[in-house]
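Trainee: Below is the structure I would like to discuss, written out as C-alpha cells.
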Amino acid sequence: MVAPDLLCGITTAVGGLLGDVGNTVDGVVSSIGLRSVSLPPPVSDGHLVQRRELHNSHLRVKYARDEAAHAVAVRAHEALVKRVGSGTSTDLQNNGRDLWYGVTYTLGTPPQSFLGDIDTGSDLTWIAEAACVSPTCTLPGARFNASASSTYVGPGKHFNLNYGSGNVGVSGAYANETVSVAGLSADHYPIGLVTNSSGPQGGIPSIFGLSFPYIGSSGIATTVPFFELYDAQHPLTDKLFAVHLGRKTDGVEASTSTDPQGGIISFGGYNAGLVSSAVEWVPANSSNLYWQTWLKGFKVNGVDLPVLDHPNDAVIDTGAGGWYAPKPIVDAYYAAIPGAVRYQSQYFIPCTSRPNVTLRFGDVEYDVYPPDQISVGKARCFGFLQDAATVSDAYSYLIGDVFLKNVLAVFKWAPERQIGFAKLADCANQPVDAAVLASLDQRSTLPVPQSTTAAPTTTATGAPSTTTGAPSATTAPTAVPTARRRRLNLPRLGSVVTYAKE
Numbered sequence: 001m002v003a004p005d006l007l008c009g010i011t012t013a014v015g016g017l018l019g020d021v022g023n024t025v026d027g028v029v030s031s032i033g034l035r036s037v038s039l040p041p042p043v044s045d046g047h048l049v050q051r052r053e054l055h056n057s058h059l060r061v062k063y064a065r066d067e068a069a070h071a072v073a074v075r076a077h078e079a080l081v082k083r084v085g086s087g088t089s090t091d092l093q094n095n096g097r098d099l100w101y102g103v104t105y106t107l108g109t110p111p112q113s114f115l116g117d118i119d120t121g122s123d124l125t126w127i128a129e130a131a132c133v134s135p136t137c138t139l140p141g142a143r144f145n146a147s148a149s150s151t152y153v154g155p156g157k158h159f160n161l162n163y164g165s166g167n168v169g170v171s172g173a174y175a176n177e178t179v180s181v182a183g184l185s186a187d188h189y190p191i192g193l194v195t196n197s198s199g200p201q202g203g204i205p206s207i208f209g210l211s212f213p214y215i216g217s218s219g220i221a222t223t224v225p226f227f228e229l230y231d232a233q234h235p236l237t238d239k240l241f242a243v244h245l246g247r248k249t250d251g252v253e254a255s256t257s258t259d260p261q262g263g264i265i266s267f268g269g270y271n272a273g274l275v276s277s278a279v280e281w282v283p284a285n286s287s288n289l290y291w292q293t294w295l296k297g298f299k300v301n302g303v304d305l306p307v308l309d310h311p312n313d314a315v316i317d318t319g320a321g322g323w324y325a326p327k328p329i330v331d332a333y334y335a336a337i338p339g340a341v342r343y344q345s346q347y348f349i350p351c352t353s354r355p356n357v358t359l360r361f362g363d364v365e366y367d368v369y370p371p372d373q374i375s376v377g378k379a380r381c382f383g384f385l386q387d388a389a390t391v392s393d394a395y396s397y398l399i400g401d402v403f404l405k406n407v408l409a410v411f412k413w414a415p416e417r418q419i420g421f422a423k424l425a426d427c428a429n430q431p432v433d434a435a436v437l438a439s440l441d442q443r444s445t446l447p448v449p450q451s452t453t454a455a456p457t458t459t460a461t462g463a464p465s466t467t468t469g470a471p472s473a474t475t476a477p478t479a480v481p482t483a484r485r486r487r488l489n490l491p492r493l494g495s496v497v498t499y500a501k502e
C-alpha cells in the first residue's frame, strides 16, 4: 500500500505541509519513527463476535456518565486553560485491517517512545508502568520506566477502569510527565500509569486520549488534553487538530497486519493536499466532554432513514472501529441489505453487499465507501453498524472509523468548539484492490448460522418491521447483564468505573 501522503505529493516534514489553516513550527520536523506492535493471532468467526464485544466493552467505559461530576470537571478544566500559530503533523500506523490507528509519542526525560491508539472518545492517555507484568504490559515497547525520567511526578491518585462485567480492565495511578507528539512538547501532562490489566486488550499497548477531561472516566477533574495543554504553554494560531485515517487496500487480515503509513494527524493545521473540498464546519456541543455534534441525515441505497424521529446527537470517535446508531436505524439499515441475518447482537451480511450510504452533517452529505461497512471474518462477513445502546445509554450515534476513513476530520476547540469535515482527494481515498473484493465475494457461498431473529424488512416509509424467528438450538445466548436505556429503552451491557485515593 502506498502512503496517502506520498500519493498526494506531500511530506510529513512540516515545511510547506499545512493548508490554508495553520503555520509551521520553526526548526521542528514532525516525522517520528514508527514501529510495529504484536497483535493477537487470527481467530475464527465464532470468536470475531467476542472480539467485537470486547471492543464494545471499551466503549461502554468511555461513555459512562455522571453529570454532577462532569460539571465539577468543566469548572476545573476552564480554570486551567486560559490562552489561545503553529502547526505540525506526523504519520499514523494502521494496525490490522483498519482495526486501530496508532501515533508515536514520547514520555519523560530522556524520552521513551510508545505507540498509542488515537482516541477522540477518551480523555486519558494511559501506558503500562515498568513493573506491570499483566498481559497488556508485556506487549513489545509497552512499558514506561518512570525511574529513568528526571521529569516524572507521581504517583498520584489511583484509578481503576473496568470494562463490561468487570473481568476486563486496567488499573494504576495518575502521574505527570513531559510528553511529545508530532514534534510538539508539553510539560506536566497528566497520564495514567497502568500497574495491572485483566483480560485481553486487543493488542493495543496504549491509549492517547484526545477528548476533554471527564471525572466519570478518568477519576480526576484537573486533567488537560494534550492539545489544550500544549496551546496553553505554546499558543497556537489555529486551535485545532486534524485526522486522516488511511484504508488498508490489500485485504490483509486485521489480526496479522500493521501498516506504517496509516494516515496523518496534524496539530494547528491540516494537510490541504489530502482534500478535494473545503472544510465544512458544524457546531459541537461545548458543554460536552466528548466531540459531539448532530447527525442530520442517513441514507442507505437511496432510502432516507428516519434520523430526526429519534435523538440525533452524534459523538465523533476515532477510537471506535465501527459505527453505532439507535436500534430502529440499525434495523432499517439492514432491512435495506438483501440477505442480512441477525446473529445475537450482530448481523451477518453477504460479503457481496455494497450498501450505498451517505451521512449528512450540516448541509453536506458524505459518502461512506461500501467495503468500509463490512467486517471481514475468516469465512463470513459482518455488518459494522451496531446498536448504540450496547455501548452507551447517553448518546444516540457513535461515529467511528467506518465513516472517518472517508473524510478529513478537523476538531477545533477554540474560540468556538466545532467539528469540520472535508471530502478526500482521490490520492487519499484509495479503494480496496479489485482482487481482494473478488475473493470476499466467494465467501458469501458459505452458510451463515441460524439466526435468533430474522432480518427486519423495510416499510414504504423506511421504518423497519421485524419478524421473530425460532431460536436455533446451536445458538448460545448472550450471557451479559442488561439494564434499561433511558432514551430508547433498549438492552445494554453494564459498565463500572471506580476510583479512590491511595
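In this text, residue positions in the sequence shown follow UniProt numbering: the first is 1, and each later residue adds one.
Ideal Cβ placement from N, Cα and C applies to all residues, glycine included.
Please read these numbers as outputs of a predicted model, since none were measured by experiment.
1. Can you give me the start and stop residues for the alpha helix (DSSP H) that A332 sits inside?
2. Alpha helix (DSSP H) containing L229: first to last residue?
3. Could you tell me how far apart the beta carbons of K296 and F361 are, in whole angstroms, since I believe they sit closer than 8 Å?
4. To the nearest whole angstrom, what separates the beta carbons of Y152 and A128, a pair I think is in contact under 8 Å?
5. Does N406 come within less than 7 Å of chain C when only Cβ atoms are used?
6. On a Cα-Cα basis, can you pick out the residue from C132, L408 and F114 that is closest to N271?
7. Hey, how far is the Cα of P326 from the Cα of Y395?
8. Here's the rule: buried if 16 or more other CB atoms are within 10 angstroms of the residue's CB, otherwise exposed. What is P235?
9. Of all the beta strand (DSSP E) runs that stay within the bounds of the region 376–429, which reach a length of 3 or more residues?
10. Along the beta strand (DSSP E) that carries residue 521, what are the first and last residues, could you check?
11. Can you round the beta-carbon distance between T352 and V368 to whole angstroms, since I take them to be within the 8 Å contact cut?
12. Return the chain-ordered list of same chain residues with a C-beta closer than 6 Å to the C-beta of P371, the five sequence neighbours on each side being excluded.
13. Within its chain, find whatever has a CB closer than 6 Å to the CB of N285; leave out the 5 residues flanking it on each side and keep chain order.
14. Between D313 and S211, how many whole angstroms is the CB-CB distance? I'm expecting something under 8 Å.
15. Let me confirm a value: Q233 is counted as buried when at least 16 other C-beta atoms fall within 10 Å, else exposed. Which label applies?
16. Determine the direct distance from the alpha carbon of G121 to that of F208, and round the result to whole angstroms.
17. Skipping 5 residues on each side, what residues in its chain have a beta carbon closer than 8 Å to that of N196?
18. Terminal residues of the continuous beta strand (DSSP E) containing W281?
19. Starting from D187 and walking both ways along the beta strand (DSSP E), at which residues does that stretch end?
20. Going by the DSSP bridge assignment, what does T104 pair with across the sheet?
21. In or out: D250 buried (at least 16 other Cβ within 10 Å) or exposed?
22. If I'm right that G268 touches T237 with Cβ under 8 Å, what's the distance once you round it to whole angstroms?
Mentor: The short version:
1. K327 to A335
2. F226 to Q233
3. 6 Å
4. So it is not a contact: roughly 15 Å between Cβ atoms.
5. The structure shown contains no chain C; it holds only a single protein chain.
6. Of C132, L408 and F114, the smallest CA-CA separation from N271 is found for L408.
7. 9 Å
8. The residue is exposed, with fewer than 16 neighbouring Cβ atoms inside 10 Å.
9. With a minimum length of 3 residues, the continuous beta strand (DSSP E) runs that stay inside the region 376–429 are 381–383, 385–387, 397–399, 407–412 and 418–423.
10. Any answer about residue 521 is impossible in this case: the structure gives the chain only from 1 up to 502.
11. Their Cβ separation, rounded to whole angstroms, is 17 Å, which puts T352 and V368 out of contact at 8 Å.
12. V432
13. Q292
14. Taking the Cβ atoms as the reference, D313 lies roughly 15 Å from S211, outside the contact range of under 8 Å.
15. exposed
16. 10 Å
17. C132, S134, V170, S171 and G172
18. E280 to P283
19. L184 to S198
20. By DSSP's assignment, T104 forms a beta bridge with L115.
21. exposed
22. 7 Å
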